[in-house]
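Everything in the sequence shown is counted per numbering that gives the first Met the number 0, starting at 0 for the first residue and increasing by one. Backbone N, C-alpha and C define an ideal beta-carbon position, used for all residues, glycine too. Because the structure is a prediction, the values reported are computed rather than measured.
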Amino acid sequence: MILSNVISQLLGGMVTSIEIFLLTLLFSLPLGLIIAGGRMSSFAPLRWLMKIYISIMRGTPLMLQLIVVFFAPYYVFGISLSSDYRFIAVIIAFTINYAAYFAEIYRGGIEAIPKGQYEAAQVLGYNKFETFFIIILPQVFKIILPSVTNEVITLVKDTSLSFVIAIPEMFTVAKQIAAADASIAALLVAGLFYYVFNVLVAFVMEHLENRLSYYD
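(1) How long is the line joining the alpha carbons of residue 132 and residue 126, rounded to whole angstroms?
(2) With a CB to CB cut of under 7 Å and the five nearest residues on each side skipped, what residues in its chain are close to residue 192?
(3) Leaving out five residues on either side along the sequence, give the residues of the same chain with a beta carbon under 7 Å from the beta carbon of residue 112.
(4) Our contact map puts residue 188 next to residue 11 with C-beta atoms below 8 Å; I'd like the distance itself, whole angstroms only.
(5) Taking the alpha helix (DSSP H) that residue 157 belongs to, which residues open and close that run?
(6) According to DSSP, is residue 75 helix, strand or coil?
(7) Measuring CB atoms only, is the region 141-153 touching the region 64-71, in the sense that at least three cross pairs come out at less than 8 Å?
(8) Consult DSSP for residue 83 and reduce its assignment to one of helix, strand or coil.
(9) Sort 161, 78, 55 by Cα distance to residue 86 and report the nearest one.
(10) For the candidate residues 38, 24, 89, whose alpha-carbon lies nearest to that of residue 63?
(11) Could you check if residue 74 is buried or exposed, using at least 16 other CB atoms within 10 Å of its CB as the buried criterion?
(12) May I ask you to verify whether the region 33-53 touches the region 97-114, counting CB pairs closer than 8 Å and requiring at least 3?
(13) Let me make sure I understand the geometry here. Which of 158, 84, 47, 175 has the alpha-carbon closest to that of residue 9?
(14) Beta-carbon within less than 6 Å of residue 33's beta-carbon, same chain only, minus the 5 sequence neighbours each way: which residues are those?
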């Protein structure tokens, strides 16, 4: 009875954590590819701008980035924002942070493709756009999938950092329940959720990797 009560109280936090997870992936994966393109651009100012951006995102704590994204509109621009902005700020901060990591993963995968692939595509009459999206990118996905899996699993656990701007994700709710009940049951349930969620993520990513095994 006690356990079912804890789980029912945690459900709202679980939904919030899952929303943060899914929305971060939805925005950061394509953004990371765009940033990787800029990072590999022959246009030096763009290349260095993306390099600096990646350096800042990877070199500073995600918690600090959350605080900056949330408070900057008010303290820098004097813009008053509604409480709904808390969740938006979380998605923005998580997206720009993870996009930087994904950009470097993409870059490593793209640079791992032999130059002969590009030459062969050119001989077959593919333009640069077709070469990248039809020939190169599917192979890149196969190469980078293990690294992406690691980042996705980290993302599941990082959703708990949204507590810093008072977003009631699952771990925050679990701490509140534990403090109110003087029991660690809620924290144990939260830990089990993170573990099961990560097992499911690993299973899905392994399935995708097997589906792409035709490149081996």
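In terms of the structure at hand:
(1) The residue given as residue 132 occupies position 133 in the sequence shown. The residue given as residue 126 occupies position 127 in the sequence shown. Whole-angstrom Cα-Cα distance: 10 Å.
(2) Here the question's residue 192 lines up with position 193 in the sequence shown. For residue 192, where only same-chain residues beyond five positions count, the Cβ hits under 7 Å are 13, 169.
(3) By one-based count along the sequence shown, residue 112 stands at place 113. If we look at residue 112 and ignore the five residues flanking it on each side, its Cβ neighbours are 135, 138, 139.
(4) The count along the sequence shown starts at 1 and reaches residue 188 at position 189. The count along the sequence shown starts at 1 and reaches residue 11 at position 12. So it is not a contact: roughly 13 Å between Cβ atoms.
(5) Residue 157 sits at position 158 when you count from the first residue of the sequence shown. Looking at the DSSP string, the run of the alpha helix (DSSP H) that includes residue 157 is 136-157.
(6) On the sequence shown, position 76 is the one that residue 75 refers to. In this structure, residue 75 counts as coil in the three-state DSSP scheme.
(7) no
(8) Position 84 of the sequence shown, counted from the start, is the residue given in the question as residue 83. Of the three classes helix, strand and coil, the one that applies to residue 83 here is coil, per DSSP.
(9) Along the sequence shown, one-based indexing puts residue 86 at 87. Here the closest residue by C-alpha is 161.
(10) The sequence position of residue 63 within the sequence shown is 64, counting from 1. For residue 63, the nearest C-alpha among the options comes from 89.
(11) Stepping through the sequence shown from its first residue, residue 74 is reached at position 75. Residue 74 is exposed by the Cβ-count criterion.
(12) yes
(13) For this step, residue 9 is matched to residue 10 along the sequence shown. Among 158, 84, 47, 175, the Cα nearest to that of residue 9 belongs to 175.
(14) As a first step, residue 33 is located in the sequence shown; it is residue number 34 there, counting from the start. Result list for residue 33: empty, nothing under 6 Å.
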